[in-house]
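Notes follow once the structure below has been shown.
Protein chains: 2
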Amino acid sequence: MSSDDVTDQGDGVTHQAQQADQADQPDGHRRRDAAATRRALLLAARARFTRLGYDRTTLRDVAADAGVNLALIKRYFGSKEGLFKAALASAPRFLGGEAEFPHDRAALAGALSRQLAAGAWAEFGEHPVLLLLRDSGDEQVAELRRRALEEFGRQVLEASGAAPAPDALLRAELLVALGVGVAVVRSAVGLRPLADATPDDLMGPLRDIVDGLLGPPSG
Amino acid sequence: MSSDDVTDQGDGVTHQAQQADQADQPDGHRRRDAAATRRALLLAARARFTRLGYDRTTLRDVAADAGVNLALIKRYFGSKEGLFKAALASAPRFLGGEAEFPHDRAALAGALSRQLAAGAWAEFGEHPVLLLLRDSGDEQVAELRRRALEEFGRQVLEASGAAPAPDALLRAELLVALGVGVAVVRSAVGLRPLADATPDDLMGPLRDIVDGLLGPPSG
DNA sequence: TTGCCAAGTAATCGCCTGATGACTAACGGG
DNA sequence: CCCGTTAGTCATCAGGCGATTACTTGGCAA
Chain A
149 MSSDDVTDQG DGVTHQAQQA DQADQPDGHR RRDAAATRRA LLLAARARFT RLGYDRTTLR
209 DVAADAGVNL ALIKRYFGSK EGLFKAALAS APRFLGGEAE FPHDRAALAG ALSRQLAAGA
269 WAEFGEHPVL LLLRDSGDEQ VAELRRRALE EFGRQVLEAS GAAPAPDALL RAELLVALGV
329 GVAVVRSAVG LRPLADATPD DLMGPLRDIV DGLLGPPSG
Chain B
149 MSSDDVTDQG DGVTHQAQQA DQADQPDGHR RRDAAATRRA LLLAARARFT RLGYDRTTLR
209 DVAADAGVNL ALIKRYFGSK EGLFKAALAS APRFLGGEAE FPHDRAALAG ALSRQLAAGA
269 WAEFGEHPVL LLLRDSGDEQ VAELRRRALE EFGRQVLEAS GAAPAPDALL RAELLVALGV
329 GVAVVRSAVG LRPLADATPD DLMGPLRDIV DGLLGPPSG
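As structure tokens, this is what we get:
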């Protein structure tokens, strides 16, 4: 019953080809393609889970979005929980999209500006960190979540220049919290002008925050 | 799916007096006090909604927590949605607990440190802003949410000293997002050391953020 | 062609949940 | 003391959900 197939990585396909995969056959009936079905389910699930959360996402809706039979979710992912974990595993990480992780404060501010801007992640509908925050009630997921954000914090810390301050990690985690907060506020509240901010809009303020937080105003 | 085993820390009968309202009569049963019943329901509902969110909160559990019959929820609040709105209305606002809203940056940093620290809001179990973020799917609630956070942003802006910068509001809202993020990260992830930070721990970093964000380092 | 297995389908099942409506019992004015 | 008002109880209903099982269909190998 436990779903151990959290190991999907074939999601490089992205972009909404999900339903096209299924029913674009001219003669009417679909092809049998397990991999495509799996991908379509994962894509639909990721979108729903990210946008609506765990509880409000129904397997029937996911199956419908993917143009696939409900029972196939059980076949490929075992359960709703399994589907959720697979969706989680297939999602890009916060700051993971950058070709190279920023090494200094300026680069960090730039990366944050890009990833927290309004248009970013448009292909997912929402910032992927929101998916990470969705609560399935599973303890295993909570652990996964913690680890992901811890790693993010560690990366921020590294980019800050390894300050000797004893509260350096706390400061890095405050920056993580800021990122989470921006994503949440935009998604759940639509607070403007923050919700509409472009990378350029964010660059200045974020640089000020990063400079203020991560280092004494030394050179 | 399980209803109350999610983040259960033995809370079926939470701390606090909520049940005492109901059954503290020596002879066994306490009777017929509409106001007390209403209060008990509201208290229980606020705790569950804040901690578990809208969907995972069941009316049966709320009624049980309050030591009250399920049907009374309908009597006093009409529906689950009604109960949620009442709980929302009865919750303290972010930064609303301060005797007086901070007028300058130092006071703002101090207030934030206090309200974002680990122990704060212990009587609610979680930061009240989390209740505000809980999604009941109701459009009316979304509007209420937006207004509350907008007001918070405006207050922050005011405390910043009315900078002439055109992106002053954006900067204020970033501070709002930081507050939301800290609450969310602590509640949903337990990221440490942030989750355990005391007001003193937060004071330094937050002052740096506020100074960096809200004003040029001028005197 | 034939046979076999994987992919896909249809139909429920059992359970939980929010919502009711009819009933009972306490309180208090007269 | 009586009786109307109202707080509180009980039983149940209808709907939606995740899960599951028995079945059908398509495709490939021999």
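Those protein sequence lines, which keep their order, are chains A and B. Just so we're aligned: the first sequence equals residues 149 to 367 in the working numbering. Just so we're aligned: the second sequence equals residues 149 to 367 in the working numbering. No residue lacks a Cβ here, since even glycine has one placed at the ideal position from N, Cα and C.
- By the neighbour-count criterion, in which a residue is buried when 16 or more other Cβ atoms sit within 10 angstroms of its Cβ, B/L218 is exposed.
- Annotation: the region 271 to 346 of chain A contains no complete segment of the beta strand (DSSP E) (minimum length 3 residues).
- Following the DSSP letters along the chain, one finds B/S261 inside the alpha helix (DSSP H) bounded by residues R253 to L264.
- For A/P347, not one C-beta of chain B is nearer than 8 Å to its own C-beta.
- With respect to chain B, the C-beta atom of A/I221 has no partner C-beta closer than 8 Å.
- DSSP, reduced to helix, strand and coil, places A/V216 outside both helices and strands of the structure shown, so it counts as coil.
- Residue B/V216 holds the alpha-carbon nearest to the alpha-carbon of B/A184 among B/E306, B/D349 and B/V216.
- For A/G360, the secondary structure class from DSSP, reduced to helix, strand or coil, is helix.
- Within the region 256 to 271 of chain A, not one residue has a Cβ closer than 7 Å to any Cβ of chain B.
- Straight across, the Cα-Cα distance linking A/R179 with A/R282 is about 34 Å.
- Take A/V324, set aside five residues on each side of it, and the residues of its chain with a beta-carbon closer than 7 Å to its own are L297, F300, G301 and V304, in chain order.
- Assigned with DSSP and collapsed to three states, A/T205 falls in coil, not helix or strand.
- A/F242 carries a coil assignment under DSSP once its states are collapsed to helix, strand and coil.
- Not a single C-beta of chain A is nearer than 8 Å to the C-beta of B/P276.
- When DSSP states are grouped into helix, strand and coil, B/A192 belongs to the helix group.
- With a threshold of 8 Å between beta carbons, B/L326 makes contact with chain A.
- Look at B/D348 here: in three-state DSSP terms it is helix.
- Nearest to A/A237 by alpha-carbon distance, out of A/A265, A/L220 and A/Q288, is A/Q288.
- With respect to the 8 Å criterion, B/G309 and B/R253 are classified as neighbours on the basis of their beta carbons.
- In the structure shown, the three-state DSSP call for B/G226 is coil.
- The beta carbon of A/A255 is closer than 8 Å to those of A307 in its chain, skipping five residues each way along the sequence.
- Interface residue (Cβ-Cβ distance to chain A less than 8 Å): B/R204 is classified as such.
- Exposure of A/E271 is indicated by the presence of fewer than 16 other C-beta atoms within 10 angstroms of its C-beta.
- Using a Cβ-Cβ cut-off of 8 Å, B/A336 counts as an interface residue toward chain A, since at least one Cβ of chain A sits closer than that to its own.
- Taking each of A/S335, A/E321 and A/I357 in turn and checking the Cα distance to B/L322, the smallest one comes out for A/I357.
- Residue contact check for A/R293 against chain B: a CB pair falls below 8 Å.
- Within 10 angstroms of the beta-carbon of B/D213 lie 16 or more other beta-carbons, which makes it buried.
- For A/R319, a Cβ of chain B is located within less than 8 Å of the residue's own Cβ.
- Distance between B/S335 and A/K222, taken at the CA atoms: about 31 Å.
- Distances from the CA of A/A211 to each of A/Y202, A/R199, A/L190 and A/G201 were compared; the closest alpha carbon is that of A/L190.
- Between A/F197 and A/F225, the CB-CB gap reaches or exceeds 8 Å.
- Annotated three-state conformation of A/P250 is coil, per DSSP.
- Between A/L279 and A/D286, the alpha-carbon positions lie close to 14 Å from each other.
- Under the 10 Å beta carbon count, B/E291 is surrounded by fewer than 16 other beta carbons and is classified as exposed.
- The C-beta of A/T346 has fewer than 16 other C-beta atoms within 10 Å across all chains shown, which makes the residue exposed.
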